[in-house]
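Participant: Residue numbers (my numbering): 71 to 157.
This is the structure I want to talk about, given as structure tokens.
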């Protein structure tokens, strides 16, 4: 099974975890995905309570996505995928 992500026609190299994180956000684009939900979807039960995982991988993805897509953070609640920076 091969997973590929393209941004502006260019392929992005991603780890399986980065891909799973982005996919979880993309499934609910524009809506907040709670920390708990993200941890469960990406890491399963071993992710319970490991909110630092979210910070690390959100930052990895932000660097790779640049200004094209934005991963917004709602402190203490979760993350959301936006197609532009909030004004």
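Beta carbons: idealized from backbone N, C-alpha and C, even for Gly.
Does residue 119 pass the burial test, meaning 16 or more other C-beta atoms within 10 Å, or should it be called exposed?
Facilitator: The residue in question, residue 119, is exposed, as its Cβ has fewer than 16 Cβ neighbours within 10 Å.
Participant: For residue 152, count neighbouring C-beta atoms within 10 Å of its own C-beta (all shown protein chains included) and say buried if the count is 16 or more, exposed if not.
Facilitator: Per the 10 Å Cβ criterion, exposed.
Participant: Going by DSSP, name the residue or residues bridged to residue 150.
Facilitator: Residue 150 pairs with 142.
Participant: I'd like the list of long-range same chain contacts for residue 110, defined as Cβ closer than 8 Å, with 5 residues on each side in sequence excluded.
Facilitator: Excluding sequence neighbours, residue 110 sits near 117 and 118.
Participant: Compare the C-alpha of residue 121 against each of 87, 142, 105 and 140 and name the closest.
Facilitator: For the residues 87, 142, 105 and 140, the minimum Cα distance to residue 121 belongs to 105.
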